[in-house]
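Take the position in the sequence shown, starting the count at 1, then add 49; the result is the number in the working numbering.
Glycine included, each C-beta is placed from N, C-alpha and C at the ideal position.
This structure is a prediction, so every number in the text was calculated from the model and none was measured.
Reviewing the structure listed below.
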Amino acid sequence: MHGKTALMMLSAAAMVSAREAPATNNNPVGDVYQAVLPGTSFFPGGPKIQGSITAQAGDNGRGVKFNVHFEGIPAAGGPFTYHLHLKPVPEGGNCTATSSHLDPYEAGVAVACDASNPAICEVGDLAGKHGKIESAGTYDKTYQDDYASTTKSDAAFFGDKSFVLHYGGNNTRITCANFVKKSSGGNSTTTPGQPTGTGSPVVPSTSAPATTTSSPPINAAGQPPYEGLGEGEQKE
Ligand SMILES: [Cu+2]
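Right under this line is the structure:
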């Protein structure tokens, strides 16, 4: 009896050998990635599901905020799952070519993803961590994922990869799409409130009348005008 208990403890210890995914930080705020479904089925006669996943860094660069929007979810075949996959969809839309799930810490699927302990899940198992698609029609969900990354050098980066939407029962791939970068936050590495200027206070006093009317006075605190650069050009 004692031997059996020890054996059970040993095998339990062996089961937790997979590395937990670390939370990601310092993801570039303002970089937006989006994957838009083609609106066709990957296999003949399949459901034509439309929609997209939009993703960007969470608050203060912590993790990633996902906005998931699907339309045309069928009434049968659920609950549907979707994941970040390792490879992009090639020209022609072959969802099989996207390989397996994004799983840089080798969580695998032997131990089921547990939404209450998402660090043990595959990074790419978004449905496992944040919910499968349970009902027909339109699906809308926004959530924070602490383990995915929009930092190119991070192992959990998915911005050059894809996602795949599957049937629930047999895991068949229904449709897939590539993430593309939609906008850049720029080099916004400056922190607010850092010391301004090194030289003499050249900012005119408030009594000086402005001669240009195009830009409103936004700088009553006396910051050098060049501090404001970078806010104007946001389209890329
Ligand atoms: Cu998948």
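#### Entry: Nearest residue (CA-CA) to E159, options I169, G107, N220, A104
Inspection of the sequence shows that residue 159 is occupied by Ala rather than by Glu. Comparing Cα positions, the closest option is I169.
### Message
Let me check one thing: in DSSP terms, what residues is F115 bridge-paired to?
### Response
A104, Y192
### Message
Let me make sure I understand the geometry here. Which of D163, K190, H215 has the alpha-carbon closest to that of E69?
### Response
D163
### Query
From what residue to what residue does the beta strand (DSSP E) around H150 run?
Counting along the chain, H150 falls outside any beta strand (DSSP E), and DSSP gives it neither H nor E.
#### Entry: Where P265 falls: helix, strand or coil (DSSP)
In this prediction, P265 scores a pLDDT of 40, lower than 50, which makes its location untrustworthy; no coordinate-derived value is stated.
### Message
So if DSSP puts G186 in a beta bridge, which residue, or which two residues, is it bridged to?
### Response
I122
### Message
Restricting to Cα atoms, I'd like to know which of A204, P137, I223 is closest to F129.
### Response
I223
#### Entry: K210, buried or exposed, once every other Cβ within 10 Å from all chains shown has been counted against 16
buried
#### Entry: heavy atom of ligand 1 below 7 Å from V213 C-beta
yes
### Task
Could you name the residues of the same chain whose beta carbon sits closer than 6 Å to that of V81, not counting the 5 residues immediately before and after it, in chain order?
Q105, K231, S232
### Query
With a CB to CB cut of under 7 Å and the five nearest residues on each side skipped, what residues in its chain are close to G132?
In the sequence as displayed, the identity of residue 132 is His instead of Gly. Answer for H132: H150, G173, D174, L175, A176, F212, V213, listed in chain order.
### Task
Quick one: give me the first and last residue of the beta strand (DSSP E) that L133 is part of.
130-134
### Query
Helix, strand or coil: how does DSSP classify N109 here?
helix
### Query
Any idea what DSSP makes of A226, helix, strand or coil?
strand
### Message
Run through the DSSP bridge pairs and tell me what S90 is partnered with.
### Response
DSSP lists no partner for S90.
### Task
Taking only heavy atoms of ligand 1 into account, decide whether any of them is closer than 7 Å to the Cβ of H118.
no
### Buried versus exposed, by CB contacts within 10 Å (16 or more), P77
buried
### Query
Nearest-angstrom Cα distance between A72 and T103?
20 Å
### Query
In this structure, does DSSP put R68 in helix, strand or coil?
coil
### Message
Using C-beta distances below 8 Å, list every residue in its chain close to T200, excluding the 5 sequence neighbours before and after it, in chain order.
### Response
T73, N75, N76, P77, F206
### Task
Just the C-alpha distance for S165 and A197, rounded to the nearest angstrom, thanks.
16 Å
### Message
Beta-carbon within less than 8 Å of A226's beta-carbon, same chain only, minus the 5 sequence neighbours each way: which residues are those?
### Response
A84, V85, L86, P87, S101, I102, V138, S211, F212
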